[in-house]
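Colleague: Add 1 to the 1-based position in the sequence shown for the numbering used here, that's all there is to it.
Note that beta-carbon positions come from the ideal geometry of N, C-alpha and C, so glycine has one too.
A quick note: this is a predicted structure, and the numbers were derived from the prediction, not measured.
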Amino acid sequence: MKYISRVLLTATICSVLLVTTGCMKKGATVQRVSTESTTDLSGAWNDTDSRLVAQEMIQDVLSRPWLSRFNKKKKAVPALIIGRVRNLSHEHINTRTFINDMEKALINSGEVDFVASSSERKEIRSERRDMDINASDATRKEAGQEKGADFMLKGTINTIVDAVAGKHVRFYQVDLTLIDLENNRKVWVGQKKIKKAVARDSYRL
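(1) Out of I195, R126, A200, K74, which has the shortest C-alpha to C-alpha gap to K168?
(2) Specify, as a first and last residue, the run of the beta strand (DSSP E) that R97 falls within.
(3) How big is the Cα-Cα spacing for I161 and V116?
(4) Please confirm whether K155 and T178 have their CB atoms less than 9 Å apart.
(5) How far does the alpha helix (DSSP H) with A55 in it reach, from first residue to last?
(6) Considering only residues of the same chain and omitting the five flanking positions on each side of E92, which have a CB-CB separation below 8 Å?
(7) Which term fits S119, buried or exposed, when burial requires 16 or more other beta carbons within 10 angstroms of its beta carbon?
(8) Taking DSSP as the reference, what is the three-state secondary structure of L177?
(9) Could you check what DSSP says for D114 in three-state terms: helix, strand or coil?
(10) Classify N88 as helix, strand or coil using the three-state DSSP reduction.
(11) Measuring CA to CA, which of E112, Q146, G111 is closest to I125?
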């Protein structure tokens, strides 16, 4: 019995070593790709959707009459702020990356000024209060000198999924609205739609 037990123990140890060695030899294959490339693995919302939708919608908003009217009336470029972009879809979408893509496109256009968000302003105001106590008169920044925004850009992301027999279609709709903060007028409404057909052996949202 002792002999049989030793044989079984030895066999078990060998099996574990073989499995462990096999796992160690098998590694993930990693290939670096351009961040500008279009990559769709699951059909879900991804970085490419975020970047392309942001670029297209910002190009549209900057080409509409509200901008030239403001330039003509105020003799200046408008100051914008991005408000909340709500994710109303069935999947997790990091709207922060989408907002960052829009901010980048707006700032790089040179057509508008950009105002810090509410959370950013809180941090900046805290720093300004600290300056009042610790900074020199020559470098201290006074309160009450902030630039107010003229317009707020906000919106939603929605999805519809239609599925049958291992195939499904994902439909995304992004709606953005630009609002005049002085009078609450909507000066621009933009909409972008994306439709993806996905086929796989086993379907799961």
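Modeller: The answer reads as follows:
(1) A200
(2) Counting along the chain, R97 falls outside any beta strand (DSSP E), though it belongs to the alpha helix (DSSP H) covering 96 to 110.
(3) C-alpha separation (whole angstroms): 34 Å.
(4) yes
(5) A55 -> alpha helix (DSSP H) spans 48 to 62.
(6) A45, W46, T160, L206
(7) exposed
(8) Three-state DSSP puts L177 in a strand.
(9) strand
(10) strand
(11) Closest option to I125, Cα to Cα, is Q146.
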